[in-house]
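A.B. asks:
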Amino acid sequence: MNVFLTIAFLLSVVFAAHLVWWRVAVPRRQRSALLLLFFTGSLTISPLAAFTLQKAGFAPLSWVQWLNVALGVLAFTLAYVVTYSALEADSPTLSLIRHVATAGSRGLTLEDLQAFMNERPFVTARLSALLEDGMLSERGGRYLLAEHPYTLFRLVLFHRHTVLGLVDDHGG
Amino acid sequence: MIALELIHLAAPVAALASMCVIHAVWCRMAPDAPLLNTLAASGVGGLAVLAGVELAAVSAGQPVRDMVVAAVLVDAPIFACLAYGYANFVNLGQSSVRVRIYRELLQMPDGVAIETLREEYDEHGMLRSRLERLVSAGDLRKDGGGVYRSGKSRLQHIASVIFGLKRFVLGRHSEFNP
């Protein structure tokens, strides 16, 4: 129970700070700002969490329980940052699913769905984002990979090809 | 006491590790299986491991009630977050346009003509491949007349949460309709 209350306290305070910050001015590098806020914010206010719970009559946490709190904060933060990517940029799949669901039993034809997607140029938006983030460069009418570590993309592809053994366009 | 705390610390990590191993084995045995289905099944396997580890806490002397409280309030939610993160990581390799473009340009040191890339990643072509994937996984149904209707509700629930959060955090429904 102590572990749960500590995690809940830390995440509540940090999440509230996130909402206030985003209402004032959305940072340019949103995901990096989120990671910084959640990790350093939780670390900074953990003594306050410990003090508050002790005042409320709960026993202090052991070092193992603090590790458990850290794991909980880490897991939630990573899950939220992953979800935030879907908040920042629309998921074509989820947009399609939602649009078909709103049509109910009437359903939608391919033409209806194409018209829907015409209003949502996902590919163009992604290419623009890659250019803005400095991951692609444009030269002489061509797109080239820019100087960038692409660590996440490399990990994703390594895992897909080497660990899962999936070739491209496989896995449904 | 420390032993019980270590069991609860290890439980979601052991469950995630099991999920990753089950998923890797399953993908190698059935590479054409829908990704969401393999992830869901591997997640269930991870949950089974989580339950097994929690029972170990009871064997080590923890009262069942205390074990259930720890499992429900802490261990299972942590595993759910870790499993969700893993599923999204895997799905990036499947669905992300950015990862696909990166993969393609990696093999082309001289780059690719802008028009060629735009033709290849044609919005309509990508729509068709997404619809095929969704129908194959059962998330959409297509009748003989070519009309698409909702299938399984799992992605609809996810979509409801995501679009609700968009509204709450960012104050808008879509990046295309600010």
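From first to last, the protein sequence lines are chains P and F.
Taking the numbering used here, the leading residue of the first sequence gets 1419, the next gets one more, and so forth.
Taking the numbering used here, the leading residue of the second sequence gets 1431, the next gets one more, and so forth.
Positions of the beta carbon are idealized from the N, C-alpha and C atoms, including for glycine.
What first and last residue would you give for the beta strand (DSSP E) that runs through serine 1555 of chain P?
C.D. replies: Per DSSP, serine 1555 of chain P belongs to the beta strand (DSSP E) from 1554-1557.
A.B. asks: I want to verify the contact list: residues of chain F whose CB lies under 7 Å from the CB of serine 1583 of chain P, in sequence order.
C.D. replies: The sequence shown places glycine at residue 1583 of chain P, rather than the serine named in the question. The contacting residues are Cys1457, Arg1458, Pro1461.
A.B. asks: Rounded to the nearest angstrom, what separates serine 1489 of chain F and glutamate 1553 of chain F at their Cα positions?
C.D. replies: Approximately 56 Å, taken between the alpha carbons.
A.B. asks: Specify the secondary structure class of arginine 1584 of chain F as computed by DSSP and reduced to three states.
C.D. replies: Helix at arginine 1584 of chain F.
A.B. asks: Using only CA atoms, which one of P:Phe1433, P:Val1482, P:Ala1493 lies nearest to glycine 1515 of chain F?
C.D. replies: The shortest Cα separation from glycine 1515 of chain F among P:Phe1433, P:Val1482, P:Ala1493 belongs to P:Ala1493.
A.B. asks: Can you tell me where the alpha helix (DSSP H) holding lysine 1596 of chain F begins and where it ends?
C.D. replies: Lysine 1596 of chain F -> no alpha helix (DSSP H), and no H or E assigned at all.
A.B. asks: State the DSSP-derived secondary structure class of leucine 1477 of chain F, mapped to helix, strand or coil.
C.D. replies: Helix, per DSSP.
A.B. asks: Chain F beta carbons: is any one of them nearer than 8 Å to that of threonine 1569 of chain P?
C.D. replies: For threonine 1569 of chain P, the answer is no, since every Cβ of chain F falls outside 8 Å of its Cβ.
A.B. asks: Given a limit of 8 Å on CB to CB distance, which residues of the stretch 1471-1496 of chain F reach chain P?
C.D. replies: Under the 8 Å Cβ criterion, the stretch 1471-1496 of chain F contributes no residue.
A.B. asks: Beta-carbon of alanine 1447 of chain F versus every beta-carbon of chain P: anything under 8 Å?
C.D. replies: It does not: the Cβ of alanine 1447 of chain F has no partner Cβ on chain P nearer than 8 Å.
A.B. asks: Helix, strand or coil, according to DSSP, for arginine 1560 of chain F in the structure here?
C.D. replies: If DSSP states are grouped into helix, strand and coil, arginine 1560 of chain F belongs with the helices.
A.B. asks: Taking CB distances under 8 Å as the criterion, tell me whether threonine 1470 of chain P reaches chain F.
C.D. replies: No, because no Cβ of chain F sits closer than 8 Å to the Cβ of threonine 1470 of chain P.
A.B. asks: Find the residues of chain F that neighbour serine 1546 of chain P, judging by a C-beta separation of less than 8 Å, and give them in chain order.
C.D. replies: Near serine 1546 of chain P there are no residues of chain F at all, since even the closest Cβ is about 11 Å away, more than 8 Å.
A.B. asks: Could you give the uninterrupted runs of the alpha helix (DSSP H) lying entirely in the stretch 1454-1536 of chain P, keeping only those of 4 residues or more?
C.D. replies: Counting whole runs of 4 or more residues, the stretch 1454-1536 of chain P contains the alpha helix (DSSP H) stretches 1481-1506, 1510-1521, 1528-1536.
A.B. asks: Mind reading off the beta-carbon distance from leucine 1561 of chain F to alanine 1517 of chain F? Whole number of angstroms is fine, and I expect it under 8 Å.
C.D. replies: No, leucine 1561 of chain F and alanine 1517 of chain F are not in contact; Cβ-Cβ is about 21 Å, not under 8 Å.
A.B. asks: Here's the rule: buried if 16 or more other CB atoms are within 10 angstroms of the residue's CB, otherwise exposed. What is methionine 1553 of chain P?
C.D. replies: Buried: at least 16 other Cβ atoms inside 10 Å.
A.B. asks: Leucine 1512 of chain F to alanine 1497 of chain P, Cα distance in whole Å?
C.D. replies: Computed Cα separation, rounded: 7 Å.
A.B. asks: State the beta-bridge partners of tyrosine 1561 of chain P as determined by DSSP.
C.D. replies: In DSSP, tyrosine 1561 of chain P forms a bridge with P:Glu1556, F:Val1542.
A.B. asks: Out of F:Val1494, F:Leu1522, F:Val1455, which has the shortest C-alpha to C-alpha gap to glycine 1475 of chain F?
C.D. replies: Of the listed residues, the one whose Cα sits closest to glycine 1475 of chain F is F:Val1455.
A.B. asks: Considering arginine 1571 of chain F, what are the terminal residues of the beta strand (DSSP E) in which it resides?
C.D. replies: 1570-1572 is the span of the beta strand (DSSP E), which, as asked, contains arginine 1571 of chain F.
A.B. asks: Taking beta-carbon pairs under 8 Å, can you tell me which members of the stretch 1471-1499 of chain P lie near chain F?
C.D. replies: The stretch 1471-1499 of chain P vs chain F, Cβ under 8 Å: Ser1480, Val1482, Gln1483, Leu1485, Asn1486, Leu1489, Gly1490, Ala1493, Phe1494, Leu1496, Ala1497.
A.B. asks: So, does the CB of valine 1518 of chain P fall closer than 8 Å to a CB anywhere in chain C?
C.D. replies: The chain labelled as chain C is not found among the protein chains of the depicted structure, namely P and F.
A.B. asks: Return the CA-CA distance between isoleucine 1463 of chain P and leucine 1512 of chain P, expressed in angstroms with no decimal places.
C.D. replies: So the two alpha carbons sit approximately 36 Å from each other.
A.B. asks: State the Cα-Cα distance for the pair aspartate 1569 of chain F and histidine 1587 of chain F, rounded to the nearest angstrom.
C.D. replies: Cα to Cα, the separation comes out at about 11 Å.
A.B. asks: Provide the residue(s) that pair with arginine 1533 of chain F in DSSP beta bridges, ordered along the chain.
C.D. replies: According to DSSP, which records beta bridges pairwise, arginine 1533 of chain F is partnered with nothing at all.
A.B. asks: Does the beta-carbon of arginine 1449 of chain P have 16 or more other beta-carbons within 10 angstroms, so that it is buried, or is it exposed?
C.D. replies: Exposed: under 16 other Cβ atoms inside 10 Å.
A.B. asks: Classify alanine 1434 of chain P: buried if its beta carbon has 16 or more other beta carbons within 10 angstroms, exposed otherwise.
C.D. replies: The residue in question, alanine 1434 of chain P, is exposed, as its Cβ has fewer than 16 Cβ neighbours within 10 Å.
A.B. asks: Identify the contact partners of alanine 1504 of chain P in chain F, using a Cβ-Cβ distance below 7 Å as the criterion.
C.D. replies: Per Cβ cutoff of 7 Å: Ile1592.
A.B. asks: Within the same chain, show all residues whose beta-carbon is closer than 6 Å to that of leucine 1522 of chain F, passing over the 5 residues directly before and after it, in chain order.
C.D. replies: Result list for leucine 1522 of chain F: Val1529, in chain order.
A.B. asks: Name the chain F residues that come within less than 7 Å of arginine 1578 of chain P, Cβ to Cβ?
C.D. replies: Simply Gly1523.
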